[in-house]
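K.L.:
If you scroll down you'll find the structure; I have some questions about it.
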Amino acid sequence: MVMREGTKRRLAHVDLVRRYMALSQASWVQRQVGDVWSYKILRQAFYGGHGFDAFIDTTGIPRGTLTARLKHLIDSGLLQRNADNRRQFELTAAGQDLFGYFVLFDDWASKWWMPEDNGQGIGLCAENCAHCGANMNPALVCKSCGHEFIARQVAVNPGNDPVPDVAFPAIADNGRRQQYNIQNLGHDAWLYLTADRWSTHVIACQFFGLRRFNDIQQTIGIASNILADRLQRLVAAAILVPHTRGGTEGRAEYILSVKGLAMYQPTLESILWAQRNLSGEHTAALPLVHRLCGEPVRGTIVCKACNGGLNSNHLRN
Ligand SMILES: [Zn+2]
Ligand SMILES: [Zn+2]
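Under numbering that gives the first Met the number 0, the first residue of the sequence shown carries the number 0, and numbering increases by one thereafter.
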C-alpha cells in the first residue's frame, strides 16, 4: 500500500520531534528533578545555603527522604556542599540557572492554579522584583529582540541544519509512588503535575504539535497505561482538553486549554536550560528560531513591570 503524502509527512514530523524531545527529556531524566521533594529542596536553596535541619523546617520533608534527595541532587550536579562549611548545601551554577524555570512555573501556578489567592504569589512569586518592588511577574523574553516568547512564534528546525541524533535514555517509572487524587492535595497539587517528568513531557509534546495518543507514546517512549494515566490527570486539571477531529468517527486528540498554553514559557526554559548546562551529546544545538526576529532562540528572564533582569541573586542573604 502506498503511504499517503499526509501520513508520510506526519511520520517524518514525529521522527523529527522525537529527537528534539529526547534532548529536553534527557535533561530532566539525567538530572532527575522530576520529583516533588527535589523540587521543593531546590526552590528553597535559591534563598541561599541551607543546613540539613533548615531544609526540614522550611519544606517539611522527612529526614530519610531528605538524605536521599540531597545525595541525589549532589550527584546530579545541582547542589553542592559549601567549601567552607561542609554542613551547608548550596546550589551549583547549573542549579542557580534553574531559577528561570522555577520562577516561571511558580508564576503559572500563581495565575492559573490558585487565582483566588488575592495576588499573593506561590513559591518564588511571593517575592517582589528587586528593581521596581512590584510583585514578582516574570517573563521569558528573546535576548535578541526583547519580545516575550509565545509558542507559535518559535519555529522548530526551519533551516537545513542536521538534527542532532540523541539516543533515548532508559527511564524507570515512578508512577506507582505517585498515586494520588489531585483534588485532595490542596495548595501543592499543581507540583505533582509540573514536577512529574512524564506529565511535563506530555505537555511539551503539545507544543511540538503532537496531540494523538500514539504519536505521544512513540515520541517519548512511555508505556500506554502510564500515558493514559497522565492524560487523565492533565484533563482533570483542565490543562488538556480531549478533542475529536473530524466528527465522532474521527481521531481522538488532546489539545491544550488556555491554562495549558500558559505553560509554554517554563517548558521552553527547561529546553534552554538543558542547552546551556548539559555537556557532551546533550549540548547539540537545538535549532529553535524566533520567527519575530529570525534569530536562534536564546532567552532571559525579566520583570514585566520594569523590564529589569530577574535572577536568584537578590534572594540570597
Ligand atoms: Zn521590576
Ligand atoms: Zn527575537
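Every residue gets a Cβ at the ideal spot worked out from N, C-alpha and C, and that includes glycine.
Is Lys303 near Asn127, with beta carbons less than 9 Å apart?
P.N.:
No, they are not a contact pair.
K.L.:
Would you say Leu291 touches ligand 2, meaning its beta carbon is less than 8 Å from a heavy atom?
P.N.:
At least one heavy atom of ligand 2 is nearer than 8 Å to the Cβ of Leu291, so yes.
K.L.:
Between which two residues does the alpha helix (DSSP H) carrying Thr299 extend?
P.N.:
Careful: Thr299 lies outside any alpha helix (DSSP H), inside the beta strand (DSSP E) at Gly298 to Cys302.
K.L.:
I believe Tyr46 touches Pro265 by the beta-carbon criterion, under 8 Å. Please report the beta-carbon distance rounded to the nearest angstrom.
P.N.:
With a Cβ gap of about 20 Å, Tyr46 and Pro265 do not count as contacting.
K.L.:
Kindly provide the chain-ordered list of residues whose Cβ lies closer than 6 Å to any non-hydrogen atom of ligand 1.
P.N.:
Those residues are Cys128, His130, Cys131, Ala133, Cys302, Ala304, Cys305 and Gly307, given in chain order.
K.L.:
With a threshold of 7 Å on Cβ separation, who are the neighbours of Ser311 within its own chain once the five nearest residues in sequence on each side are excluded?
P.N.:
Answer for Ser311: Phe45, Gln95 and Phe98, listed in chain order.
K.L.:
Helix, strand or coil for Asn310? Go by DSSP, reduced to three states.
P.N.:
Note: Asn310 maps to coil in three-state DSSP.
K.L.:
Have a look at the DSSP bridge pairing and note the partners of Ala154.
P.N.:
For Ala154, which the question treats as bridged, DSSP gives the partners Val288.
K.L.:
Mind checking whether the beta-carbon of Glu126 lies closer than 8 Å to any heavy atom of ligand 2?
P.N.:
Every heavy atom of ligand 2 is 8 Å or more from the Cβ of Glu126, so no.
K.L.:
How big is the Cα-Cα spacing for Asn159 and Leu267?
P.N.:
Its pLDDT being 49, under 50, Asn159 is placed unreliably by the model, and the measurement read from it follows with that caveat. Those two C-alpha atoms are separated by around 22 Å.
K.L.:
Given this structure, state the Cα-to-Cα distance separating Val404 from Asp52, to the nearest angstrom.
P.N.:
In this structure the chain extends from 0 to 316, so residue 404 is not present and cannot be described.
K.L.:
Using a Cβ-Cβ cut-off of 7 Å (strictly less than) and excluding sequence neighbours within five positions of Phe206, which residues of its own chain qualify?
P.N.:
The answer, listed in chain order, is Ala150, Tyr263 and Thr266.
K.L.:
Quick check: what's the CA-CA separation for Pro241 versus Asn134?
P.N.:
So the two alpha carbons sit approximately 35 Å from each other.
K.L.:
Please state whether the Cβ-Cβ distance between Cys141 and Gly308 is less than 9 Å.
P.N.:
Not in contact: Cys141 and Gly308 (Cβ atoms no closer than 9 Å).
K.L.:
Please tell me whether, using a cut-off of 8 Å, the distance from the CB of Glu294 to the nearest non-hydrogen atom of ligand 2 is below it.
P.N.:
Glu294: yes, Cβ under 8 Å from ligand 2.
K.L.:
Is the stretch 53-69 close to the stretch 220-227, with three or more CB pairs under 8 Å?
P.N.:
Because the criterion of three Cβ pairs below 8 Å is not met, the stretch 53-69 and the stretch 220-227 do not touch.
K.L.:
Does Val257 pass the burial test, meaning 16 or more other C-beta atoms within 10 Å, or should it be called exposed?
P.N.:
So Val257 counts as exposed.
K.L.:
Below 8 Å on the Cβ atoms is my contact criterion, and I expect Ala261 with Trp111 to pass it. Report the Cβ-Cβ distance as a whole number of Å.
P.N.:
Correct: roughly 6 Å between the Cβ atoms.
K.L.:
Nearest to Ile215 by CA position, among Ile254, Ser143 and Thr57, is which residue?
P.N.:
When only C-alpha atoms are compared, the closest one is Ile254.
K.L.:
Using DSSP bridges, identify the partner residues of Tyr253.
P.N.:
For Tyr253, which the question treats as bridged, DSSP gives the partners Pro241.
K.L.:
Do you know how far the Cα of Cys124 is from the Cα of Cys305?
P.N.:
For Cys305 and Cys124, the distance between alpha carbons rounds to 16 Å.
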